[in-house]
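A.B. asks: Quick one: structure below, then a few questions.
Below, the structure is given as structure tokens:
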């Protein structure tokens with residue numbers, strides 16, 4: 001019996017079993033002095049003694065088989081194998097990371113007891129019909145008809161507020177009506193989007209299929225919660241699995257539908273360990289298992305847009321069938337986009353007078369506003385005006401952020417924090433001051449500006465902030481979102497956490513305070529991300545057409561910029577994603593950038609920058625002569641933009657090819673050479689290295 005090795009280098013480890021095992025069985029196996037969880041990946045019958053086919057070595061016997069669980073299916077093993085090959089990781093790293101952590105520690109007896117307890121905790125369903133839900137628009141109805149009639153994959157190109165979630169609900173309902181034992185996977189990019197999604201799915205499906213029919217799976221859950229959800233999916237008891245990127249590896253024996261909502265979101269790309277794209281794996285998994293795949297977005301990734309084709313017309317290319325839903329439900333209008341030229345404002349203006357007046361009008365009518373700034377903390381830098389000292393992190397090539405709420409300077413890269421000094425550490429000047437603004441300072445500034453303003457009921461204006469700092473405590477995010485939905489917040493300040501996916505019914509104005517940084521970034525994907533983020537932010541305004549009509553209000557998106565003539569803003573004002581995408585794709589085609597080329601990064605972390613770059617240069621030389629090397633461009637090694645993090649120097653080398661197959665052949669042949677280099681003189685001082693296939697940032 002062979003099981004994946006527990007290391008980044010190993011492949012399969014062989015053990016003997018006294019009884020036949022089905023491939024995919026979970027087993028306990030000895031590894032050194034430990035006993036660890038393993039998966040029976042391949043099972044072979046040993047030849048009789050004396051036969052030349054018998055292995056020459058003596059195999060250790062496996063421990064115990066966790067036979068209370070059904071084996072992991074062939075399709076799941078194929079998914080893990082493909083991910084390991086494509087993303088250049090070991091089979092064991094992918095396979096064991098895909099399993100819930102608590103499963104690794106359970107004995108066969110403990111697991112059997114857990115399964116029995118879980119089975120009794122689930123309520124049975126009934127013969128009740130599924131709730132109908134809201135009336136569908138013509139565009140929603142047409143999209144659902146296409147889902148039924150064609151195999152897909154589908155790109156659901158629906159504007160914000162067009163009712164994509166209702167389409168997902170109906171698609172899942174139609175699937176379960178046809179086959180009550182089928183399973184659906186619905187993915188979202190952020191953990192904070194799962195509570196409202198889970199509530200909607202449970203309200204629709206619990207009465208019919210029981211309380212265990214809908215489960216969530218994400219890294220924010222406790223280990224017991226993750227195990228319970230995984231077991232429900234693996235056993236088939238859960239019909240609908242909601243989750244973030246890790247859910248793409250959930251074992252689902254009856255998988256028939258995969259939905260990837262907000263498919264453009266970079267959060268679907270894992271940035272630690274095995275750097276896989278959950279969106280791309282979802283498409284591959286759907287093809288392998290014969291499951292329909294729906295990718296949904298108001299601003300699709302340029303890769304997906306390039307791969308899509310309209311249902312009718314002369315464009316016959318593209319893997320995905322593009323279905324458009326440009327209209328908001330309830331005949332609601334998309335927000336009017338208003339640009340404020342900050343070149344015409346007085347110096348150091350934070351919020352223009354026109355924007356403040358617009359927010360004040362909303363306050364007078366009892367409506368909500370949202371102000372978006374994608375920078376948390378009070379200020380990005382604390383500085384001394386006398387000697388020029390700045391709050392640099394001693395362990396990173398970055399500044400520590402000033403957090404006024406707890407009077408700390410905190411590095412957002414390594415986590416190093418200390419109290420704010422009473423005076424400049426360099427010259428003793430007591431007058432050190434914050435430079436720039438984050439969400440804490442913006443919240444404070446708005447509080448000062450509207451301190452004397454009253455709501456229609458005579459109360460004071462209520463300002464709230466939602467970002468990674470304000471939601472650290474367990475349950476804080478849920479309670480803050482509930483306050484917004486209940487109308488207990490008048491002005492909401494936040495980072496991109498509040499710009500994605502939330503269905504705020506009373507917000508009629510959204511403002512982006514300082515979005516210009518991405519317009520001229522060295523990252524070629526920055527304009528695409530900015531357009532998506534601003535379009536998603538605008539989509540939080542005016543989502544309830546009936547509420548707007550009652551208020552006599554219009555939805556607006558305000559953008560403060562020093563570059564109001566930029567083509568990106570022109571397309572945004574028209575809500576014209578297709579023209580923006582066409583322009584970006586033309587630029588990328590001219591520069592031979594993705595999706596017209598394929599990339600990988602080799603990263604090295606070392607004690608010195610010289611050691612990191614020496615390893616990368618040696619790796620580049622070692623690639624000469626490998627299969628595919630003649631079709632792959634290897635660029636010189638360079639430091640990362642943030643060169644040092646936690647006292648570790650970081651460097652990278654970009655590889656690029658117009659052939660995905662050639663790049664993959666090179667990477668596959670390179671792997672053993674890289675492991676050898678790490679142990680050689682060229683690897684001295686190197687702490688770790690990794691390959692990032694299809695990187696999202698360079």
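In this note's numbering, the protein residues as written are 1 to 698.
A virtual CB, placed ideally from N, CA and C, is assigned to each residue, including glycine.
1) Roughly how many angstroms lie between the CA atoms of residue 349 and residue 674, to the nearest whole one?
2) Is residue 346 helix, strand or coil when you go by DSSP?
3) Determine the DSSP secondary structure at residue 308, reduced to helix, strand or coil.
4) Along the alpha helix (DSSP H) that carries residue 81, what are the first and last residues, could you check?
5) Check the DSSP bridge columns for residue 183 and list the partner residues they point to.
6) State the CB to CB distance for the pair residue 300 and residue 264, rounded to an integer number of angstroms; the pair is presumed to be in contact (CB under 8 Å).
7) Would you call the segment 265–280 and the segment 110–118 in contact, with 3 or more CB pairs under 8 Å?
8) Give the straight-line distance between the Cα atoms of residue 618 and residue 609, rounded to the nearest whole angstrom.
9) CB residue 260 to CB residue 290, shorter than 9 Å?
10) Taking 9 Å as the CB-CB limit, is residue 666 close to chain D?
11) Looking only at DSSP bridge pairs, what is residue 704 linked to?
12) Let's see if you can read the secondary structure: which residues bound the beta strand (DSSP E) around residue 93?
13) If you measure between the beta carbons of residue 455 and residue 360, is that distance less than 9 Å?
14) Would you report the Cα separation of residue 20 and residue 42, rounded to the nearest angstrom?
15) If you draw a straight line from the alpha carbon of residue 634 to that of residue 87, how long is it in whole angstroms?
16) Hey, residue 495 and residue 373: beta-carbon distance below 9 Å or not?
17) To the nearest angstrom, how far is the alpha carbon of residue 543 from that of residue 480?
18) For residue 66, report the span of its beta strand (DSSP E) as first-last.
19) Over the uninterrupted alpha helix (DSSP H) stretch that includes residue 359, give me the two end residues.
20) For residue 288 and residue 270, what's the separation of their Cα atoms in angstroms?
21) Among the residues of its own chain, which have a CB less than 6 Å from the CB of residue 307, if the five just before and after it don't count?
22) List the DSSP bridge partners of residue 417.
23) Ignore the nearest five residues each way along the sequence and tell me which others in residue 376's own chain have a CB closer than 7 Å to its CB.
24) Taking the DSSP output, what are the residues bridged to residue 38?
25) Buried or exposed for residue 243, please, with buried defined as at least 16 other CB atoms from any protein chain shown within 10 angstroms of its CB.
26) Can you name the start and end residues of the alpha helix (DSSP H) that residue 167 belongs to?
27) What residues in its chain sit with their C-beta under 6 Å from that of residue 351, if we drop five residues either side in the sequence?
28) Under the three-state reduction of DSSP, which class applies to residue 18: helix, strand or coil?
29) So for residue 222, helix, strand or coil by DSSP?
30) Let me know the secondary structure DSSP gives residue 635 once reduced to three states.
31) Once you ignore the five residues that flank residue 254 on each side, which residues in its own chain have a CB closer than 6 Å to its CB?
32) Is residue 359 near the ligand MN, going by C-beta to nearest heavy atom under 8 Å?
33) Please identify the residue among 256, 99, 104, 76 whose C-alpha is closest to the C-alpha of residue 29.
34) Across which residues does DSSP place residue 370 in a beta bridge pair?
35) Pop quiz: residue 332 and residue 545 are said to be a contact at Cβ under 8 Å. What is the actual Cβ separation, rounded to whole angstroms?
36) What ranges does the alpha helix (DSSP H) occupy inside the segment 519–600, keeping only unbroken runs of at least 4 residues that lie completely in it?
C.D. replies: With the structure as the only source:
1) Taking the first residue of the chain shown as 1, we reach residue 349 at position 349. Taking the first residue of the chain shown as 1, we reach residue 674 at position 674. Near 52 Å, if we compare the C-alpha coordinates of residue 674 and residue 349.
2) Translated into the one-based positions of the chain shown, residue 346 becomes position 346. Residue 346 falls in the coil class under three-state DSSP.
3) What you label residue 308 is simply residue 308 of the chain shown in a count that begins at 1. Correct three-state label for residue 308: strand.
4) For the purposes of this step, residue 81 is taken as the residue at position 81 of the chain shown. Per DSSP, residue 81 belongs to the alpha helix (DSSP H) from 74–86.
5) As a first step, residue 183 must be located in the chain shown, where it is residue number 183. Note: residue 183 sits in a beta bridge opposite 255.
6) Stepping through the chain shown from its first residue, residue 300 is reached at position 300. Stepping through the chain shown from its first residue, residue 264 is reached at position 264. About 5 Å separates the two Cβ atoms, so the contact holds.
7) no
8) Locating residue 618 in the chain shown gives position 618, counting from the first residue. Locating residue 609 in the chain shown gives position 609, counting from the first residue. Each residue's alpha carbon lies about 14 Å from the other.
9) As a first step, residue 260 is located in the chain shown; it is residue number 260 there, counting from the start. As a first step, residue 290 is located in the chain shown; it is residue number 290 there, counting from the start. No, they are not a contact pair.
10) The chain labelled as chain D is not found in the depicted structure, where only one protein chain is given.
11) Any question about residue 704 goes unanswered here, given that the chain covers just 1 to 698.
12) As a first step, residue 93 must be located in the chain shown, where it is residue number 93. Segment 91–97 is the alpha helix (DSSP H) holding residue 93; no beta strand (DSSP E) there.
13) One-based indexing of the chain shown puts residue 455 at position 455. One-based indexing of the chain shown puts residue 360 at position 360. It is not a contact, given that the beta carbons lie outside the stated cut-off.
14) In the chain shown, the residue the question calls residue 20 occupies position 20. In the chain shown, the residue the question calls residue 42 occupies position 42. Each residue's alpha carbon lies about 11 Å from the other.
15) By one-based count along the chain shown, residue 634 stands at place 634. By one-based count along the chain shown, residue 87 stands at place 87. C-alpha separation (whole angstroms): 18 Å.
16) The sequence position of residue 495 within the chain shown is 495, counting from 1. The sequence position of residue 373 within the chain shown is 373, counting from 1. A contact, by the Cβ cut-off of 9 Å.
17) The residue labelled residue 543 in the question sits at position 543 within the chain shown. The residue labelled residue 480 in the question sits at position 480 within the chain shown. Approximately 19 Å between the Cα atoms of the pair.
18) For the purposes of this step, residue 66 is identified with residue 66 of the chain shown, where counting begins at 1. Counting along the chain, residue 66 falls outside any beta strand (DSSP E), and DSSP gives it neither H nor E.
19) Position 359 of the chain shown, counted from the first residue, corresponds to residue 359. Looking at the DSSP string, the run of the alpha helix (DSSP H) that includes residue 359 is 353–365.
20) Residue 288 sits at position 288 when you count from the first residue of the chain shown. Residue 270 sits at position 270 when you count from the first residue of the chain shown. Their backbone Cα atoms lie some 22 Å apart in a straight line.
21) As a first step, residue 307 must be located in the chain shown, where it is residue number 307. Cβ within range, chain order: 318, 319, 320.
22) Residue numbering aside, residue 417 sits at position 417 when the chain shown is read from its first letter. Its beta-bridge partners are 410.
23) Locating residue 376 in the chain shown gives position 376, counting from the first residue. For residue 376, where only same-chain residues beyond five positions count, the Cβ hits under 7 Å are 438, 439, 467, 468, 469, 495.
24) On the chain shown, residue 38 is found 38 positions in, with the first residue counted as 1. Bridge partners of residue 38: 27.
25) Locating residue 243 in the chain shown gives position 243, counting from the first residue. Under this definition residue 243 is a buried residue.
26) Within the chain shown, the letter at position 167 stands for residue 167. Here the alpha helix (DSSP H) through residue 167 covers 164–178.
27) Position 351 of the chain shown holds residue 351. Closer than 6 Å at Cβ, skipping near neighbours: no residue.
28) What you label residue 18 is simply residue 18 of the chain shown in a count that begins at 1. Residue state, collapsed to three classes: coil.
29) Within the chain shown, numbered from 1, the residue matching residue 222 stands at position 222. In the structure shown, residue 222 sits in coil (DSSP, three-state: anything other than H, G, I, E or B).
30) As a position in the chain shown, residue 635 is number 635, starting the count at 1. Coil, per DSSP.
31) Stepping through the chain shown from its first residue, residue 254 is reached at position 254. Excluding positions up to five away in sequence, the list reads 181, 182, 183, 236.
32) In terms of ligand content, the structure shown is empty, and the ligand MN therefore cannot be addressed.
33) Counted from its first residue, the chain shown places residue 29 at position 29. When only C-alpha atoms are compared, the closest one is 104.
34) Stepping through the chain shown from its first residue, residue 370 is reached at position 370. 492, 510, per the DSSP bridge assignment.
35) As a first step, residue 332 is located in the chain shown; it is residue number 332 there, counting from the start. As a first step, residue 545 is located in the chain shown; it is residue number 545 there, counting from the start. Indeed, because the Cβ distance is near 3 Å, the residues count as touching under 8 Å.
36) 526–538, 545–551, 567–573, 577–591
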